[in-house]
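Colleague:
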Amino acid sequence: MNWLKESLNDLSDFTAGRPYLGYATEVVDTIEAIIFAPTERSQERPFLRDFIDVKRYMALVVIGIVPATLASIYFYGWRALAMILVSYVAGGIAEVGFTLARKEEITEGFLVTGILFPLILPPTTPLWIVAVGIIVGVILGKEVFGGTGYNIFNPALVGRVFLTVTFPVAMSSNWVEPLTGGWAGLTKYGIDTVTSATPLGQFANEGTLVGLKEVFLGTIPGSLGESSALLLIIGGLFLIVTKIADWRIPLSYLGSVMAFSYLGTFLWPNQVAPPVFQLLAGGLLFGALFMATDPVTAPTTKGAKWVYGLFLGVMTVSIRAFSGYPEGVMFSILLINMFSPLMDDMVMTHRYGPVQKPYK
Amino acid sequence: MARFLKYKNTKMVNIVQISGLNLQKLDRSKTKTKLEKRPPGDFVVIPLKDGFGSSLIPEVEAGDRVKIGQIIARDDGGVSTPVHSSVSGTVLDVSFMKYVHEETLGELPDEIIGVKVEVDRSFWEVEEVEEVNWEKLAPSEIRSSLYRNGVTSFGQTGIPSGHWSSFYDPSDVSDIIVNAVKSEPFTHHRVDFEGELEEFKHGLEIIARGYSEAKIHLAVDPEVQEALGDLSSSQRISVRSFQSEHPNGIDKVLARKILGGDQLDDGGFLMDYGILALDEVVPIHAYGAVVLDHPVSTTRVSLGGPEISNVVVEVPVGLSAGELLDGAQGYKEEDQVILGGPLTGRVMSSPEIPLGKSIPSLVLMKGPERSEVLAWLKPGSKKESFSRAFISSLLPNLDRELDSGIHGELRPCISCGYCTEVCPVDILPYQIYHTGSHDLVDEVNRLQPQRCVDCGLCAYVCPSKLPLSRVLEDAKWNQSPRVKNYVVYEKGEDKIEPSLPEGPNDNRGEAS
Ligand code: SF4
Ligand code: SF4
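Protein chains in written order, with the working numbering: chain A, 31 to 390; chain B, 634 to 1145.
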């Protein structure tokens, strides 16, 4: 592989500093960084460094979502894969364009956004809408703040909300029954016949509950990746075991949903669905395990993580029960994301007292 | 002489439990370390500031003949400890040289005076001396002997002897911690606990006698515990054993663990709380100084690294690091030489740095050998990580890849929280990084960076490869002098002097 590394190095040297070609340097460097592990040495302490880097970190999140992704192909045909590819390509272009304009290296956070985004869309979403959504998500959700690490909102959710308000029909009424049995979706490109409502939608409109077993296994209409609770839990556990996701957030989020929906079933039995159903149906597990745990937008101190989950739960149950939208995970995560820094700050104030001014 | 600074900063935080990372296990070389002696080469350069204290003005000039053990610099009126010649010979030169800060091991460029002595081998023999019966000596005599013979502490605030070897008074000392815990990989015990056990024990008792009011805590790791057997020979010496988890080997951590949770939370030095922390070699030095009346003229340096065999070398003070490395087995030109341990040390900028008493160990680290292809997608059975992102966490017994590579690219902080999770004193390094990089001084100070014990674990675990160690150190240096827990040296007229924070009248650092 030495020849490849050398030619990449040459290319990078050739383009560096030249008019117009200067932009290519970052791209070449990024490609090199993706293929070859850096051989740089630590020049300051510590001289022993952990092997984990952001690439590995983000790659593991993607691995965590793989089971649910495979399930989406099985349930909805190869079109699911097409949606993911469109999302990676369109979002990638937006990402590269922006980082080049800023003359920075391309960061890995996009690996995650690019796959999470299509998985929270309805299976019938037209591919061009997927492209529009991811571009908006990447630009408005992340790049305007300065890229991965500086963003306040989860970029995938920003894209999703943009689509929800811009294309309400495509986003909320074109649900299809997943294919099951035998090869199911594996022999098909997509489904465009049967239209039905999601379990949460059915509950909101008609007050009927779908069986828990179907919800658990995922043989119910829903967004691409969110249907199978079982596979999401497997992926989520993987993230928790590898310390990529913090267990506190899903635990407190799910616990809070359970607790508040349990209370709610007494107070407003017609609007609030029962706890276990709430837990398994819709995007809750997906949101709690893969969206709310996004380290950049979630709080970082332990105490704040508990509070964060608590508020997420309250918001989710409330939106599901009392708003015009049957599903509330997306809105609640985005809303509470906004308060993450505040929650961290409250923990710090509790621990250290308020900021003292001025030090002379 | 005593200066007590009870600085009321903000809320105190009690550390319930100090966690640690067992990095010693990475060091698979099971061989027992040997203690070797190394004679000087052609010349030595003796730093006139070693251990705690200011840089001294030499009493010798170029051309003078000096004898081993002769005092070549002394200042009884300023905070310092006398410096002795480590060889016999002729003074070649007295000039400024590079040396290191005794605690951080950071470089103090061209500020310290060094005395270059050409070795005359015909003088090499050490005279036989009569042993002193130290049990008959009064505590103050023992302390004078320690001072006279150049026994000093490395870092923190010196050994109070009743002379100007520290800003503190011997009566301020209420607890003495003797630190025989090694928690960083590739650093080794500098005392041969089997061969030198008698000297070590006597040394401890001498120290106990010199500070008759103080309690002595000997902190040991499992390796020393085994060699020591039963050491409860004296009521006043208690042995505490600790796991070899980093950062247990750091004085401030031991102080927190032995003497309670909130030491140093409000800044200052251990001596502000009456705690004197001593390295494991100090009892050996004390034995030599008090019983044999030998000045401390040699220093012990442990040599280690993933590729080289462990050895502890006793060299005359002032032998250059380069000279020691020339003879080291397995040392390669391209290795990075680190003063101190791989997590807390500094890279050695030039092989001319003399090995003074302040340098405990040299660690040789190689760089990553090759550029692995798609390393981030591989299972990584030999990659150690705090996270469990590599399959290595299931294979604890496999050898690990050990090098000084960064293993990733610098990225913005992703707020993963690993740094706070691993921090032994429970502060928030990433917040200090964020606020510090925007110069929000008040915010940084609220986060109490003074509690940081410089263990380097936060920077070790960071996936974004941020230089958190430097960030924390800067945050501390920028703090108000009263909470800082480093000694800062200020350049005086002819020499540099330690500058300790002002006394209780100083309002700096308090809310107004
Ligand atoms: S370990 Fe690094 S990336 Fe993670 S929170 Fe700390 S500073 Fe940020
Ligand atoms: S802030 Fe970093 S260097 Fe300081 S004590 Fe915590 S982990 Fe160690």
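A virtual CB, placed ideally from N, CA and C, is assigned to each residue, including glycine. Quick caveat: nothing in here was measured; it's all calculated off a predicted structure.
Of the residues that make up the segment 986 to 1016 of chain B, which ones have a beta carbon closer than 7 Å to any beta carbon in chain A?
Modeller: Cβ contacts with chain A come from M998, G1000, P1001, S1004, E1005, V1006, L1007, A1008, W1009, L1010, G1013 and K1016.
Colleague: According to DSSP, is B/E947 part of a helix, a strand, or is it coil?
Modeller: The residue you call residue 947 of chain B lines up with position 314 of the second sequence. Here B/E947 sits in strand by DSSP.
Colleague: Quick one: residues in its chain with C-beta nearer than 8 Å to the C-beta of A/L364, no 5 flanking neighbours on either side, listed in chain order?
Modeller: Translated into positions along the first sequence, residue 364 of chain A becomes position 334. Excluding positions up to five away in sequence, the list reads F183, N184, L187, V188 and V191.
Colleague: Output needed for A/G220: all residues of its chain with C-beta closer than 6 Å, excluding positions within five of it in sequence on either side, in chain order.
Modeller: Within the first sequence, the letter at position 190 stands for residue 220 of chain A. Taken in chain order, the residues that qualify are G107 and R109.
Colleague: When DSSP labels each residue in this structure, what does A/K133 get in the three-state scheme?
Modeller: Translated into the one-based positions of the first sequence, residue 133 of chain A becomes position 103. Coil at A/K133, not helix or strand.
Colleague: Rounded to a whole number of angstroms, what is the C-alpha to C-alpha distance between B/K848 and B/M730?
Modeller: Within the second sequence, the letter at position 215 stands for residue 848 of chain B. Within the second sequence, the letter at position 97 stands for residue 730 of chain B. Spanning the two alpha carbons is a distance of roughly 39 Å.
Colleague: Give me the residue from B/T1068, B/K769, B/L988 and B/L1010 with the minimum Cα distance to B/V678.
Modeller: Start at 1 with the first residue of the second sequence, and residue 678 of chain B comes out as number 45. B/V678 has its Cα closest to that of B/L988, out of B/T1068, B/K769, B/L988 and B/L1010.
Colleague: What separation, rounded to the nearest whole angstrom, lies between the Cα atoms of A/E135 and B/L1061?
Modeller: Counted from its first residue, the first sequence places residue 135 of chain A at position 105. Counted from its first residue, the second sequence places residue 1061 of chain B at position 428. Spanning the two alpha carbons is a distance of roughly 27 Å.
Colleague: Thinking B/L1131 and B/V1120 are a contact (beta carbons under 8 Å), I'd like their distance in whole angstroms, please.
Modeller: Here residue 1131 of chain B is taken as the residue at index 498 of the second sequence, counted from 1. Here residue 1120 of chain B is taken as the residue at index 487 of the second sequence, counted from 1. Note that residue 1131 of chain B is Pro in the sequence shown, not Leu. The pair is a contact, with the Cβ atoms about 5 Å apart (cut-off 8 Å).
Colleague: Residues in the same chain with beta-carbon distance under 8 Å from A/I145, minus the five sequence neighbours each way, listed in chain order, please.
Modeller: As a position in the first sequence, residue 145 of chain A is number 115, starting the count at 1. So the list reads V92, I95, T99, I114, S117 and Y118, once near-sequence residues are dropped.
Colleague: Counting along the chain, where does the alpha helix (DSSP H) carrying A/L247 start and finish?
Modeller: For this step, residue 247 of chain A is matched to residue 217 along the first sequence. Here the alpha helix (DSSP H) through A/L247 covers L242 to L247.
Colleague: I'd like the list of long-range same chain contacts for B/A695, defined as Cβ closer than 7 Å, with 5 residues on each side in sequence excluded.
Modeller: Translated into positions along the second sequence, residue 695 of chain B becomes position 62. Same-chain partners within the cutoff: V724, L725, D726 and V727.
Colleague: Which of the three DSSP states is assigned to B/V1074 in this structure?
Modeller: Stepping through the second sequence from its first residue, residue 1074 of chain B is reached at position 441. Helix.
Colleague: Relative to the C-alpha of B/S1097, which residue among A/I61, A/V240, A/M88 and A/N367 is closest?
Modeller: Taking the second sequence and counting its residues from 1, the one referred to as residue 1097 of chain B is at position 464. The shortest Cα separation from B/S1097 among A/I61, A/V240, A/M88 and A/N367 belongs to A/M88.
Colleague: Could you tell me whether the Cβ atoms of B/R873 and B/H850 are closer together than 8 Å?
Modeller: Start at 1 with the first residue of the second sequence, and residue 873 of chain B comes out as number 240. Start at 1 with the first residue of the second sequence, and residue 850 of chain B comes out as number 217. Against a cut-off of 8 Å, the Cβ pair of B/H850 and B/R873 comes out as a contact.
Colleague: For a contact meaning CB atoms closer than 8 Å, what does B/K1098 contact in chain A?
Modeller: Position 465 of the second sequence, counting from 1, holds the residue named residue 1098 of chain B. Correct list: R79 and D83.
Colleague: Considering A/K85, what are the terminal residues of the alpha helix (DSSP H) in which it resides?
Modeller: Residue mapping note: residue 85 of chain A aligns to position 55 of the first sequence, counting from 1. A/K85 -> alpha helix (DSSP H) spans V84 to Y106.
Colleague: In whole angstroms, what separates the C-alpha of B/F1023 from that of B/G1041?
Modeller: Here the question's residue 1023 of chain B lines up with position 390 in the second sequence. Here the question's residue 1041 of chain B lines up with position 408 in the second sequence. B/F1023 and B/G1041: Cα-Cα distance of roughly 14 Å.
Colleague: Would you identify the three-state DSSP class for B/R873, choosing helix, strand or coil?
Modeller: As a first step, residue 873 of chain B must be located in the second sequence, where it is residue number 240. Note: B/R873 maps to strand in three-state DSSP.
Colleague: Are the beta-carbon atoms of B/H927 and B/N1111 separated by less than 8 Å?
Modeller: As a working mapping, residue 927 of chain B is identified with position 294 in the second sequence. As a working mapping, residue 1111 of chain B is identified with position 478 in the second sequence. Result no, Cβ atoms of B/H927 and B/N1111 do not sit closer than 8 Å.
Colleague: Distance cutoff 8 Å, beta carbons only. Does B/F1023 sit that close to anything in chain A?
Modeller: Sequence index remark: in the second sequence, residue 1023 of chain B carries index 390 (1-based). Chain A, which has a Cβ nearer than 8 Å to the Cβ of B/F1023, makes this yes.
Colleague: Determine the chain A residues that contact B/I1039 at a beta-carbon separation under 8 Å, and present them in chain order.
Modeller: Residue numbering aside, residue 1039 of chain B sits at position 406 when the second sequence is read from its first letter. The contacting residues are P68, E70, R71, S72 and R79.
Colleague: Comparing the C-beta of A/T137 with each C-beta of chain B, is any distance below 8 Å?
Modeller: For the purposes of this step, residue 137 of chain A is identified with residue 107 of the first sequence, where counting begins at 1. So yes, A/T137 belongs to the interface.
Colleague: Note down the Cα distance separating B/P803 from B/K815, rounded to an integer number of angstroms.
Modeller: In the second sequence, counting from the first residue as 1, residue 803 of chain B sits at position 170. In the second sequence, counting from the first residue as 1, residue 815 of chain B sits at position 182. When rounded, the distance between both Cα atoms is 27 Å.
Colleague: Since I believe A/V337 is in contact with A/S291 (beta carbons under 8 Å), could you give me their beta-carbon distance rounded to a whole number of angstroms?
Modeller: As a first step, residue 291 of chain A must be located in the first sequence, where it is residue number 261. As a first step, residue 337 of chain A must be located in the first sequence, where it is residue number 307. Not confirmed; about 19 Å, so no contact.
Colleague: Indicate, with yes or no, if ligand 2 has a heavy atom lying under 7 Å from the CB of B/V1086.
Modeller: Position 453 of the second sequence, counted from the first residue, corresponds to residue 1086 of chain B. Answer for B/V1086: yes, Cβ within range of ligand 2.
Colleague: Taking the alpha-carbon of B/P1012 as reference, which of B/L1028, B/L995 and B/E832 has the nearest alpha-carbon?
Modeller: Indexing the second sequence from 1 puts residue 1012 of chain B at position 379. Of B/L1028, B/L995 and B/E832, the residue nearest in Cα terms is B/L1028.
Colleague: Taking 8 Å as the CB-CB limit, is B/M634 close to chain A?
Modeller: Taking the first residue of the second sequence as 1, we reach residue 634 of chain B at position 1. Model confidence at B/M634 stands at a pLDDT of 30, short of 50, so the residue's coordinates are unreliable; what they give is reported in the following sentence. Chain A, which has no Cβ nearer than 8 Å to the Cβ of B/M634, makes this no.
Colleague: Flag B/E740 as yes if its beta-carbon sits less than 8 Å from any beta-carbon of chain A, otherwise no.
Modeller: What you label residue 740 of chain B is simply residue 107 of the second sequence in a count that begins at 1. So no, B/E740 is outside the interface.
Colleague: At a CB-CB cut-off below 9 Å, which residues of chain B make contact with A/I274?
Modeller: Here residue 274 of chain A is taken as the residue at index 244 of the first sequence, counted from 1. Here the neighbours are S1020, R1021, A1022 and C1049.
Colleague: What span of residues does the beta strand (DSSP E) with B/T931 cover, start to end?
Modeller: Here residue 931 of chain B corresponds to residue number 298 of the second sequence, with the count starting at 1. Counting along the chain, the beta strand (DSSP E) containing B/T931 begins and ends at T931 to G937.
Colleague: Please name the residue, chosen from B/S877, B/E744, B/I745 and B/D683, that lies closest to B/G788 on a Cα-to-Cα basis.
Modeller: Sequence index remark: in the second sequence, residue 788 of chain B carries index 155 (1-based). Nearest of B/S877, B/E744, B/I745 and B/D683 to B/G788, Cα basis: B/D683.
Colleague: Which residues of chain B have a Cβ atom closer than 7 Å to the Cβ of A/R86, listed in chain order?
Modeller: As a first step, residue 86 of chain A is located in the first sequence; it is residue number 56 there, counting from the start. Here the neighbours are W1009 and A1022.
Colleague: Which residues of the segment 771 to 800 of chain B have a Cβ closer than 9 Å to any Cβ of chain A? Give them in chain order.
Modeller: Cβ contacts with chain A come from no residue of the segment 771 to 800 of chain B.
Colleague: Just checking: is the beta-carbon of A/I264 within a distance shorter than 8 Å of some beta-carbon in chain B?
Modeller: Locating residue 264 of chain A in the first sequence gives position 234, counting from the first residue. With 8 Å as the cut-off, A/I264 does not count as an interface residue toward chain B.
Colleague: Starting from the C-beta of A/A124, find all residues in its chain whose C-beta is less than 6 Å away, skip the five residues before and the five after it, and write them out in chain order.
Modeller: As a working note, residue 124 of chain A is residue 94 in the first sequence. Only I165, V168 and I169 meet the Cβ criterion.
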